[in-house]
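Residue numbers (our numbering): 94 to 432.
Just so you know, even glycine gets a beta-carbon here, dropped at the ideal spot from N, CA and C.
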Ligand SMILES: *[C@@H]1O[C@H](CO)[C@@H](O)[C@H](O)[C@H]1NC(C)=O
Ligand SMILES: *[C@@H]1O[C@H](CO)[C@@H](O)[C@H](O)[C@H]1NC(C)=O
C-alpha cells in the first residue's frame, strides 16, 4: 500500500512536472512564433519579407519623384545649369525629393533599422506622400516561401535615390534607377533596382528566397561564351585600354551609365562582366551586388576581395574597383590582375 501511494504520488508529480514543462515550452514557442512573424512595429525582430516589400515600395516611390521632376524640368529647361548646387537644378531637386520620399517611407515603416542614403539632406520636412502600388499588392508578388526574422540592429538599408545623374540631365533615361539594398550583418542579402522611366520595371532578388519575374526567365539562359564587358561611359577610356590589354583587341565592350543599369545587364546575361577600375561608392554597389549574388554570380573588388562589407560603420567607398560576373569570375580576375 505504502509503496503504491508513493508510486502514485511520484506519477502525479511527474505528470504535473511534465505538464508545467509542456506549458512553458508552448509559451516560449508562442512568443517565438509571434516575434518570428514580427510586425513592423515590433522592435525585437524585423521581418525581411516585410522589409523587402517596403523597400520595393520605397524604390518605386522615389521613382515617382524622379519622373515628376524630370517632367517639370522639361517644361522649364532654361533653368538647367543655371545654378550648380541650387534647388532649381533638376538633379539636385530630383535627388532631394526622391531621397525624402524613400527615406521617410522606410524610416516611418521600419523605425528600428538604420537607413543610409547617398543624398544626406537633413531636412525632409516637406514629407512627400507615398504613392503608387499598395504595399499588400507588392507583398503578393513576393513568392519567397518562408520568411526570416532578424534583429534590426544587424540590418543596414542602403538607398540610392537617383543613380546616373548625368544621364538624367541628358535625358538618357534608360540608365536611370533608384536602388534599395538590405544588408544583414554587412552582407547584402536583398537588392532592389527600379527603373522609373518607360519601360518602368522593378528588379529584385533575395538570397536563397527568390527574385522578381523579370530576373527569373534569364537565370537559366546561357551566358555568352565570349566576354562582353560593360563599363562606365564617363571614364570609358582607361577601362577600354585596360580591357583590351587584358582580354585582347577584339573584346566587346559596352559603354553604359549607372551602376544599377550595368549590374542588371550582367544579371540577365546581356553582358558577361561589369568592370569598374576606380573607387566606387557603396550605395552604387550594394543592391546590384545583392542581386548578382542571389542569382548565383560573384561580386568582388578588382583585386579579388569578395569580402565587401555593407555594415553601417564600414567605409562608404570601395577603393579597389569592382568586378561583377555571373560566371568565370576567377578567369576575369586573373586577366585583369596580370596586365
Ligand atoms: C588609351 O590608349 C591610347 C592608345 O594606346 C592612348 O592614346 C590613350 O591615351 C589611352 N587612354 C587612356 C585614358 O589611358
Ligand atoms: C537585355 O537585352 C534585351 C534584348 O536586347 C533587352 O530587351 C533588355 O532590356 C536588356 N536588359 C535587361 C535588364 O533585361
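- Relative to ligand 2, residue 357 has its C-beta within less than 6 angstroms of a heavy atom.
- Distance from the Cα of residue 236 is smallest, within the candidate group 266, 297 and 108, for 297.
- For residue 269, the distance from the CB to the nearest heavy atom of ligand 2 is not below 6 angstroms.
- Taking a C-beta distance under 7 angstroms as the contact criterion, residue 299 and residue 376 do not qualify as a contact pair.
- By the Cβ-count criterion, residue 304 is buried, with 16 or more other Cβ atoms from all chains shown falling within 10 Å of its own Cβ.
- Taking 3 residues as the shortest admissible run, the segment 393 to 425 contains the following complete beta strand (DSSP E) segments, listed from N- to C-terminal end: 415 to 418.
- Short of 7 angstroms from the beta carbon of residue 191, and not among the five residues preceding or following it, lie these beta carbons of its own chain, in chain order: 155, 158, 159, 254, 255 and 271.
- In this chain, the beta strand (DSSP E) harbouring residue 271 covers 270 to 277.
- Residue ranges of uninterrupted beta strand (DSSP E) with 3 or more members, entirely inside the segment 189 to 215 and ordered along the chain, are 207 to 210.
- In this chain, the beta strand (DSSP E) harbouring residue 249 covers 248 to 256.
- Close CB contacts of residue 393 within its chain, under the 6 angstroms cut and outside five residues either way in sequence, are with 399 and 416 (chain order).
- The segment 357 to 397 contains, as complete beta strand (DSSP E) runs of 3+ residues, the segments 366 to 369 and 391 to 393 (chain order).
- Ligand 2 approaches residue 363 closely enough that one of its heavy atoms is under 6 angstroms from the residue's Cβ.
- Across the structure, residue 357 and residue 112 are spaced so that their CA atoms are roughly 56 angstroms apart.
- Beta bridge pairing from DSSP links residue 287 with 271 and 295.
- Taking the C-beta atoms as reference points, residue 241 is found no nearer than 7 angstroms to residue 116.
- A direct Cα-Cα distance of roughly 7 angstroms separates residue 370 from residue 332.
- If you draw a straight line from the Cα of residue 405 to the Cα of residue 281, it is about 12 angstroms long.
- Under DSSP, no beta-bridge partner is assigned to residue 241.
- Look at residue 344 here: in three-state DSSP terms it is coil, with no helix or strand label.
- Residue burial annotation: residue 289 is buried, with at least 16 other C-beta atoms found within 10 angstroms of its C-beta.
- DSSP, read as helix, strand or coil, puts residue 147 in helix.
- Of all alpha-carbon atoms in 423, 426, 419 and 395, the one lying nearest the alpha-carbon of residue 411 is that of 395.
- Judged by DSSP secondary structure, residue 232 falls within the alpha helix (DSSP H) whose first and last residues are 228 to 234.
- Under the three-state reduction of DSSP, residue 317 is assigned to coil, being neither helix nor strand.
- Around the Cβ of residue 423, a 10 Å sphere holds fewer than 16 other Cβ atoms; the residue is exposed.
- Taking the Cα of residue 267 as reference, the smallest distance to any Cα among 209, 350 and 362 is reached at 350.
- The shortest CA-to-CA distance from residue 162 to any of 188, 149 and 153 is the one to 188.
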